[in-house]
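Using the working numbering, you'd call the opening residue of the sequence shown number 598 and step up by one each time.
Heads up, the beta-carbon is just placed ideally off N, CA and C, and yes, glycines get one too.
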Amino acid sequence: MINSLSSPSEADYVFLDLDGTLTDPSKGITRGVMYALERFHIHEDHPKKLFSFIGPPLYDSFMQQYGFDLATAHKAIAYFQEYYAEQGMYENVPYPGIRELLHVWKNEGRRLILATSKPEVFAVRILERFGMADAFTLMAGGDVAETRVEKPLVIAYAMNRLGLTGKERCLMIGDRRFDVTGAAAHDIPTLGVLYGFGTREELSEAGARWLAADVQELASLMQRDGQI
598 MINSLSSPSE
608 ADYVFLDLDG
618 TLTDPSKGIT
628 RGVMYALERF
638 HIHEDHPKKL
648 FSFIGPPLYD
658 SFMQQYGFDL
668 ATAHKAIAYF
678 QEYYAEQGMY
688 ENVPYPGIRE
698 LLHVWKNEGR
708 RLILATSKPE
718 VFAVRILERF
728 GMADAFTLMA
738 GGDVAETRVE
748 KPLVIAYAMN
758 RLGLTGKERC
768 LMIGDRRFDV
778 TGAAAHDIPT
788 LGVLYGFGTR
798 EELSEAGARW
808 LAADVQELAS
818 LMQRDGQI
């Protein structure tokens, strides 16, 4: 049974996705995928075709979209990471107002926890670059070898590091169904954001408890009684 928050504003522990929730990663990710595909003599001219790579584990996307077997998918990920480490991570763009909102939540006493499938080493550097890292109690991500990329595993990893039991007032904020189902595996409800890469239908069907159209509505939904 998912814990009984009557409003997302009640959450004391806020798990946050990165791509599509805090930053728009589309340029860096699609260029990284295109770079990797070129190594297999596959040329893609339309970056929007690769938006489906944003959110799920990369090996899943390479296997499902291009028919790679697992070993080939991992080779593609290595090529992707070559590009991403040198350039792609710096092509992220924070959503307007999100950095300020994170610091508001921190100052209210909430504990913010990054929970991203992106390799943790990249995620930390991205948040440091944009002045968001200091808002977080913990930044948890996947590993470079892609053995900890499924969202339930990332959330479990974060909870274990913080010593959370699952009885705390927790909330997940993310833009894809993977965030919703990953959080639900730990009885954590999700506030889905619609300014990222998931649709209203995707998030609703996955079981998101609340939806925010933009950062302003996200701030409104998280506002506690008595605050202006």
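Beta-ladder partner(s) of residue 612, from DSSP: Position 15 of the sequence shown, counted from the first residue, corresponds to residue 612. Beta bridge pairing from DSSP links residue 612 with 710 and 769.
Contact under 8 angstroms by Cβ, residue 699 with residue 736: Indexing the sequence shown from 1 puts residue 699 at position 102. Indexing the sequence shown from 1 puts residue 736 at position 139. For residue 699 and residue 736, no; Cβs fall outside 8 angstroms.
Within 8 angstroms, strictly: CB atoms of residue 831 and residue 723: Past the boundaries of the shown model lies residue 831; the chain is included only from 598 to 825, so the question cannot be answered.
Alpha-carbon to alpha-carbon, residue 761 and residue 767: For the purposes of this step, residue 767 is taken as the residue at position 170 of the sequence shown. For the purposes of this step, residue 761 is taken as the residue at position 164 of the sequence shown. Taking the straight line from one Cα to the other gives about 10 angstroms.
Cβ pair residue 615, residue 781 closer than 8 angstroms: What you label residue 615 is simply residue 18 of the sequence shown in a count that begins at 1. What you label residue 781 is simply residue 184 of the sequence shown in a count that begins at 1. No; because the gap between Cβ atoms is not below 8 angstroms, this pair is not in contact.
CB of residue 726 within 8 angstroms of CB of residue 687, strictly: Translated into the one-based positions of the sequence shown, residue 726 becomes position 129. Translated into the one-based positions of the sequence shown, residue 687 becomes position 90. In this structure, residue 726 lies near residue 687, with their beta-carbon atoms less than 8 angstroms apart.
Residue 656 to residue 666 span [Cα, whole Å]: Along the sequence shown, read from residue 1 onward, the residue named residue 656 stands at position 59. Along the sequence shown, read from residue 1 onward, the residue named residue 666 stands at position 69. Approximately 9 angstroms, taken between the alpha carbons.
With 16 other Cβ atoms within 10 Å as the buried cut-off, status of residue 639: One-based indexing of the sequence shown puts residue 639 at position 42. So residue 639 counts as exposed.
is_contact[residue 701, chain D] using C-beta, thresh 8 angstroms: Absent from the structure is chain D; it holds one protein chain and no more.
For residue 729, three-class secondary structure by DSSP: As a first step, residue 729 must be located in the sequence shown, where it is residue number 132. In the structure shown, residue 729 sits in coil (DSSP, three-state: anything other than H, G, I, E or B).
Alpha-carbon spacing of residue 740 relative to residue 714, whole angstroms: Residue numbering aside, residue 740 sits at position 143 when the sequence shown is read from its first letter. Residue numbering aside, residue 714 sits at position 117 when the sequence shown is read from its first letter. Spanning the two alpha carbons is a distance of roughly 8 angstroms.
Residue from 776, 785, 775 and 771 with nearest C-alpha to residue 811: Indexing the sequence shown from 1 puts residue 811 at position 214. It is 771 whose Cα lies nearest to the Cα of residue 811.
Residue 776 - DSSP class collapsed to helix/strand/coil: Along the sequence shown, one-based indexing puts residue 776 at 179. It is helical.
Endpoints, alpha helix (DSSP H) assigned at residue 629: Mapped onto the sequence shown, residue 629 falls at position 32. Where residue 629 is concerned, the enclosing alpha helix (DSSP H) stretches over 623-635.
Sequence-distant residues of its chain with Cβ nearer than 7 angstroms to residue 797 (five each side left out): Along the sequence shown, one-based indexing puts residue 797 at 200. Excluding the 5 residues flanking it on each side, residue 797 has same chain C-beta neighbours closer than 7 angstroms at 791 and 808, in chain order.
Residues near residue 754 by beta carbon distance below 7 angstroms, same chain, minus five either side: Indexing the sequence shown from 1 puts residue 754 at position 157. Taking residue 754 as the centre and dropping the five residues before and after it, the same chain places the C-beta of 737 and 745 closer than 7 angstroms to its C-beta, in chain order.
Nearest-angstrom Cα separation, counted from residue 634 out to residue 648: Translated into positions along the sequence shown, residue 648 becomes position 51. Translated into positions along the sequence shown, residue 634 becomes position 37. Answer to the nearest angstrom: the Cα atoms are 14 angstroms apart.
DSSP-derived helix/strand/coil call for residue 699: Here residue 699 refers to the residue found at position 102 of the sequence shown. The answer is helix: DSSP assigns residue 699 an H, G or I state.
Close-in-space but distant-in-sequence residues of the same chain around residue 670 (CB under 6 angstroms, 5 per side omitted): Residue 670 sits at position 73 when you count from the first residue of the sequence shown. Within the same chain, residue 670 has close Cβ partners 656, 659 and 660.
Between the CA atoms of residue 788 and residue 707 - distance to the nearest angstrom: Here residue 707 refers to the residue found at position 110 of the sequence shown. Here residue 788 refers to the residue found at position 191 of the sequence shown. As the crow flies, the alpha-carbon of residue 707 is around 16 angstroms from that of residue 788.
Local conformation of residue 646 per DSSP, three classes: In the sequence shown, the residue the question calls residue 646 occupies position 49. Assignment of residue 646 by DSSP, reduced to helix, strand and coil, places it in the helix class.
Which of helix, strand or coil DSSP assigns to residue 788: The residue you call residue 788 lines up with position 191 of the sequence shown. Of the three classes helix, strand and coil, the one that applies to residue 788 here is strand, per DSSP.
Test item: CB-CB of residue 795 and residue 774 under 8 angstroms: Start at 1 with the first residue of the sequence shown, and residue 795 comes out as number 198. Start at 1 with the first residue of the sequence shown, and residue 774 comes out as number 177. Yes.
Neighbourhood of residue 619 by C-beta, 6 angstroms cutoff - its chain only, sequence neighbours within 5 removed: Within the sequence shown, residue 619 is the residue found at index 22, counting from 1. For residue 619, same chain residues with a beta-carbon under 6 angstroms away, outside a window of 5 residues either side, are 695 in chain order.
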